[in-house]
Every structure is written in structure tokens, then in C-alpha cells.
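Just so you know, the protein sequences line up as chains A and B, in that order.
According to the working numbering, the residues represented by the first sequence are 329 to 676, in order.
According to the working numbering, the residues represented by the second sequence are 30 to 464, in order.
Heads up, the beta-carbon is just placed ideally off N, CA and C, and yes, glycines get one too.
Report on the structure given below.
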Amino acid sequence: MPKKILHYVNQFFAGVGGEDMADYKPEARAGSLGPGAQIAKLLADDAEVVATFICGDNFFATHQAEALSVFDKAMEEYKPDLIVAGPSFYAGRYGFACGHVAVRAAERFGVPTIGGMSVESPAVEMFREKMFIVETGDSARAMKHALEDMTNLARKLLRGETLRTAAEEGYFHRNRRKNFLYEENGGKRAVDMLMRKVKGEPFVSEYLQAVPEKVAAAPAVADLRKATIALLNTGGMVPAGNPDRIEGSAATKFGAYSMEGMPRLESGVIVSVHGGYDSTFSDADPNRIVPLDVLRELEREGRIGKVHEIFYSTVGTGASLLNGQAFGKSIAEMLQNAEVDAAIMVST
Amino acid sequence: MKLEMQTLDVKGMEWGEKTHFKNGVLTIDREEALAVCGDFPGVDGFALHIARPGDRTRIIPVKCIVEPRCKTSDGDPDFPGIVGEIKQVGHGRTLALKGAAVVMTETNDPETVCKTGGFIDMSGPAADYCVYSKLFLLVIEAKAIPSVHREDPQALDDAVRVAGLRLAAYLAKKCMDAAPDATKTYELSEADPSLPGVVYILQLLTQHPLVEDFYVYGQLAGEHFMPTLMHPNELMDGAVTNFIGAHCTVCSDKQYLYDIQNSPAVEEFYARHGRDLRFLGVILHNEVVTLEGKMRSSLFTSKIAAMLGAKGAVMVTEGHGNPDEDIMLNVRNLERCGVRTVIISDELGGVDGRSPGLADWVPECDAMVSVGNTHELLAIPERMDTLIGNESSLSIIRASAGEEPKEAGYFYTQLNHVAGSCSQAGIGNLSARWI
């Protein structure tokens, strides 16, 4: 059975009219029209363009919910395997509409979308993670190539072929990294890249990263005697048995554990699951990583207000930055809700 | 310094009466080989196993991988300061057994999970990512004495490290009579001074005093070591020996000793020496754990490169996280003194590949060779027919992926547990790209 494509176009490419018809109300028509006819021809062996969803650019921008509800009905009626949106080239409103359609198709129906935009299109940055945006020229003059490139990618998706890199497939990458095998080993590639760089020839780095944001130190706690202090660690300190199954490296979670009523953490009760350091000493005395014993002393002496009765743990080694950021935000929120004034972060 | 490297291509490994090489097959006298390992108070002896490419065998934990090599020129030492005397290496003649390696592991103490989660599968999906799965492996398994092991986990590591290096030298020594399959000469001969000078910067983890990482002529480099200049031939000849201790979970991006002996960037620098570059040497850099130490080491590394007149550097690293700071300090300091840099690094991109790959980055860093996202999931069989090593270490390589693989009897691990899969010496062909 051939696969089914739903094509999305604006009023202009649907042949309804130009800017004067930009308020054209959304509708779905059976079969292909406009650029869709060429899409149908190029993909004749693999799929049929079962319907075309049309909406005026202004209408979409000002009545997005209504436009998408008409789109939903078309999705339910035609049950497509793939959406082709545009190409919208450099267009702003049209590009955003393509993006919103793609997000709807992915999130509500699990159906992927291929769009076509030029590098200057403002919708690229906004929607690149949500859809395949094939790189096109900046106007309808580039239609022929755009449709060829978009349908080449569509064919692979419809056939369930494994895709190569975004650069090789010709779409704007979706901010994700994936492993591939190459002819030359890394050492040889490094020397090749170095010699091009030394000679002032163009070279392409295999990876570049944004310079991370530097976090400024928070102001000092005004009066420790009234402050509630929490204990956090990346040393993997958890109750024996590791109830949350926190990984020994590349952790995907953190744990929050009560120490209410405990004068100190006991060996054997709290253990380290960290895979990046010798845990002999932290297992012998878990207070070395979670210094509850000392904090209780300060609490008794009145030098701090009180100890927050939950400690928070994860494993730092090999963790991804995004996971680390997410843990940090969640823990900070929990501390704020518990009206904690300051925290001691023990890193290992 | 001129080194003649003779090689034998190992295409088979068998047990036999006498250790020798014939028709591509390395035959090993098991009893003699065991005797060569020696006795150590920290372990209850050793066991030896052969693992061949294609075998349904899993080896875990992997503590060290070394290519069998020995000196065949008179009076020169093997692995100086550990197996042989402390004498200059990097010159004379060396025999290397290509296609083979000695792998060090441990067993016997189910209570003590070796956190070196590294494993080698000789077949199956993980073998596609592992250079060592394609080699004929002689595996030395140190038998732990649980009571000793718990008191002093370093004792077992020390024993298997020395025994394994002895074994590597022994295997090559016993093949000296065979006619070499190839001979290659490595020499930094005089080259056109107008060609740009380049250096290879080998950054190695130095987590001393808690972990004993790498040794130079038998001396543990440690935190007091200052980056120094080495001849590339010294790396090929066992002057630097690296060991993966018991506490480095992420093993995909280590510099196994095999990688140091066989660095592809060094090989390529040699191939192009006198053609379009001048290979000036190797700077050995220790990645210590304190920020002040990192700053100090980086000053020395960039100063040595500048004094040599280097115009470029390929910089390889070990580990990630805090060592990313060493990379970035070195890139910044080197670029500021006119040495163009290319780094080889893996990425910690998360299971979905969406996370930034390194812990830090500087604007001066504009050239990186990626050796893969080490967080990528890989479905592997629960069991192979044979397990060599310590079964209790298997618990470490299980990734919590939130779903099970489609194949029955498989589980998800991450590439970071596959030995050498994202080798930062650049010995493999894996690389991460945008999708």
C-alpha cells in the first residue's frame, strides 16, 4: 500500500491569491495542487499526496488555534504518514506556519514533517529541532531544486532508511549529535585538519560548542544563626541498596534522602555508588561527603539555624551538562520551597 | 634517535608446547608464560586465557591493554623501569606483534565491584565499536585475595600491571627468531626548516595520590610531574606506561597503553615529516586534579611548544569532565603563543545527543576532531558463552534507558563502557555529527 502525504501550502502557492488573500481561511482539499503536483510526481513510486491543507498566512498568524483545529481534522480524515510543508523559502509568516503545523503533527499525531527554508528564514532557529528543514534558496525561483531535495529526504523517511548526517542529507540539523563511522581514523583526521589550519586553508571542525555561561557567586548569607542549611553532593551518596538506582557514571537522575533524627550518617547505611573515585573512605564514613556530623554540632551550638533534613545526591562523573543543569534547577526549586537559605555543595 | 620497528602479523593464537611464532600463529606455552608473570603478595596468582576475534567471549573489567613488544637490540630494556632496567629507549631495534594484545583483568572477589566498567566483547554489536575485538588477546586474570583486596585495592592493580607488562615483553621475545613481516624505521631526520614544525601533545590523567595512572621510565608521574619533552620513539618503546586503575568508570575514552604505542597521529606526523611538516616531538602533559596544578602544567606545555618553534599541535586527552579544563587551558595558552591547535576529544552528549559535549569551551578552540558521543546507547547480549574476569562488574555497564531493547536477551549499555570505543588517541573511526 503506498504511503500517504499531506501537503501544506499558503494561499499564494495554492493559487488562491497573493497578499490580498492572506486572510484565506484554512481548508483541506483532496489530492495535490500547486507545488504538490510536482511532489506527487517525484514520489510517485513511494507515496500519494492524499490531501492539501491550505491556509492564508495572515489567518494562520492571527488565528493559530482555529487553523490548527482544521489541520487536526484533516489529519484524522487522511491519516498521512508524512507532512510536507512548503517550501516556504525565506518567508516569515509562511515559515512559522509550516513550523507550527510540524509541531502539531509531531506532538499530537507522531507524524514527521519535511519543510524547506532558506538559511535566513527566521523560522529555522525556532523549529529546527521539531522537523526536517531542508535548506533551499531564498525564493520561489529555487522551487525545482527545493522540491527535489525535499522529496529525496521524504523518500528515505518513507522507506524507513537510516539517515546520514544532516549535512549529507541537506537539512538544518536538529541540535542533536549521533555517531557515525568514517574511513579515516581520528588521528589521521586531526593531522589533516591541523595542516590545513597551519597553512591558513579552510577547515571544518567536527564539533564546536558555545562558551558556557559563568555563574557568579551568590552573596554571603547575612546571618548564619538564623539560616537553614542544606547538604548536596555529586559524590553518589545514597541509602544502601541504591533505591533510585542512580548510575555510577553518566547519571540520569538525582535522589533526595531524609536524615531526620540522625546525629550523623552511619557507615553501611549510606554508601557511595560513584564510579569515578575510590569510595573506600566515603563508605567508611559517609559524613566525609555529606558532613551531617559537623552540621549537627553547629546546629547544637547555635552557629547555624538548622539543618535541612533532606540531602540531595547524584553522581557527577561522566554526566551530561543538560542533565546536570536539570538536576540543579529541580534541586534549587525544592530548596526554595523548603525555605532553605544556603546549601553546601560537596563535589568529588 | 633512530628506531627500527620490525613487526609480525599475528593471525592466530594457540596454546602449545613452546612459545613461538610460525605461519602467522602465535603459540603460547601456558606454564612458562604463567611463570614469567611472577609472584605477588597481593594476589593469589594469575590465570591466562586466549580470546579470539569472533569468539562469543566477554572480558570485564579491562584494566590495561598492551601490544606485545620487546627490544631486540643488545642491552636495551623492555618497558624500562618496570620490566627492564632504566636505560634510554626509542633507538635500536624493536619487535612488535601486530594483531595481538595482552589484556589485564581481575577476578574472584564478588563483593568488590571493580568500578572500571570497561568491557571487550569479541563478537556481537559492541565488537563493531572496539578496536581490540579484532585482535588476538592473551588475557591475564589476577586472582584477588578478598581480605587483601578490601584493605588495599591498589595491591592487585600493581601486581597485574607488572605481570602483564612482563608477559607482553615475553611474548615478543619468544618470536625473535621469526622473519619479520615488515620493517619500518622511525627517525626525526633533518627536514627543510621552512616547513611548519608540529608537536604531539599527550595529555594523560593524573589523579594521584588516590589513583596511580601513568608512569615514565617506571616513575609514577603523579601531581609533581612537570610536562616534559619526549621523543615519539620513546612512546613506541614503552617509556610511558599507562594503567587504568580501579576507579575510572568511563573507559571508552581512556588512553590504553596500546593506543600510546600505536598513536595514529604520531604515525601520520612521521609519514608527513619532511614532506609538508617537521615533527618536533611529543609533549607529555599531566592532567592533575587541582586548578592550580592544571594552570601550572599548561604553562609548561605551551612554553615547551613555543621554545621548540612549533606552529601546530595535535592534542589528545584522556577522560573528560575536569580534563576538559586542561584541554581548554592548553588551547588558549598555545594559540596565544602562536601554536595552532587541533584537539581530539569525545563528546558527552547525553543519550539523546542533545547535551553540550565538553564541560568547558574557550573561543580560541576552533578545531576539534570528534571521536563520538560516548553516551550513545548500544544494545548488547545479556551473556556471551564465556566471561573472563569478574562477573560482579557487569552491574556497572547496565544503562537505565527507560526502555528495553527489541532483541530478546539484550540490554542497553552506553558506549562509555565499551573499551576504547571513543579512544581519544583517535585510534578508531567513530565520530559524532549533527543530525
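Asked	Found
Within 8 Å, strictly: CB atoms of residue 296 (chain B) and residue 316 (chain B)	no
Own chain residues within Cβ distance below 6 Å of residue 416 (chain B), not counting five before or after	87
Residue 99 (chain B) (DSSP reduced to helix, strand or coil)	strand
Runs of beta strand (DSSP E) lying entirely within the region 425-452 of chain A, each at least 3 residues, in chain order	441-445
Listed by chain order, chain A residues near residue 350 (chain B) by CB distance under 9 Å	604, 644, 645, 646 and 647
DSSP state of residue 135 (chain B) mapped onto helix, strand, coil	strand
Inter-stretch contact (C-beta, 8 Å, three-pair minimum) for the region 283-298 of chain B and the region 335-350 of chain B	yes
Neighbour list for residue 397 (chain B) in chain A, Cβ cutoff strictly below 8 Å	533, 534, 535 and 536
Contacts of residue 501 (chain A) in chain B (Cβ-Cβ under 8 Å)	463 and 464
As assigned by DSSP and simplified to three states, the class of residue 610 (chain A)	helix
Cutoff 8 Å: residue 517 (chain A) Cβ touching any chain B Cβ	yes
Residue 436 (chain A) beta carbon near the ligand SAM (any heavy atom closer than 7 Å)	Ligands displayed in this structure: none; no statement on the ligand SAM is therefore possible.
Amino acids of chain B, ordered along the chain, whose beta-carbon sits closer than 9 Å to that of residue 494 (chain A)	462, 463 and 464
Chain B residues whose Cβ lies nearer than 7 Å to that of residue 510 (chain A)	458 and 460
DSSP three-state assignment for residue 333 (chain B), whether helix, strand or coil	helix
Nearest to residue 62 (chain B) (by Cα), restricted to the options B:192, B:112, B:179 and B:447	B:192
Residue-level contact to chain A via CB, residue 454 (chain B), 8 Å cutoff	yes
Sub-8 Å separation of residue 537 (chain A) and residue 387 (chain B) beta-carbons	yes
Residue of B:72, B:74 and B:123 minimising C-alpha distance to residue 96 (chain B)	B:123
Beta-carbon gap between residue 199 (chain B) and residue 110 (chain B) smaller than 8 Å	no
Integer-rounded CB distance, given that residue 593 (chain A) should sit under 8 Å from residue 620 (chain A)	5 Å
Secondary structure, alpha helix (DSSP H): runs of 4+ residues fully inside the region 340-413 of chain A	363-370, 385-390 and 392-406
Residue 398 (chain B) beta carbon less than 8 Å from that of residue 521 (chain A)	yes
Nearest to residue 338 (chain A) (by Cα), restricted to the options A:372, A:370, A:424 and A:402	A:424
Cross-strand partners of residue 506 (chain A) (DSSP beta bridge)	B:462
Cross-chain neighbours of residue 525 (chain A) in chain B, by beta carbon under 9 Å	341, 369, 370, 371, 395 and 396
CB contact check: residue 445 (chain B) to chain A, cutoff 8 Å	yes
Reference residue 468 (chain A); option with closest CA among A:385, A:546, A:416 and A:515	A:416
Whole-number beta carbon distance between residue 641 (chain A) and residue 583 (chain A), since they are thought to touch under 8 Å	5 Å
CB of residue 407 (chain B) within 8 Å of CB of residue 154 (chain B), strictly	yes
Residue 385 (chain B) in three-state terms, based on DSSP	coil
Contacting residues, own chain, Cβ-Cβ under 6 Å from residue 303 (chain B) (five flanking each side not counted)	220
Nearest-angstrom Cα separation, counted from residue 112 (chain B) out to residue 327 (chain B)	31 Å
Contacts around residue 108 (chain B), its chain only, beta-carbon distance under 7 Å, and the 5 residues preceding and following it disregarded	194, 198, 267 and 270
Boundaries (first-last residue) of the alpha helix (DSSP H) holding residue 362 (chain B)	351-365
Three CB pairs or more closer than 8 Å across the region 472-484 of chain A and the region 356-371 of chain A	yes
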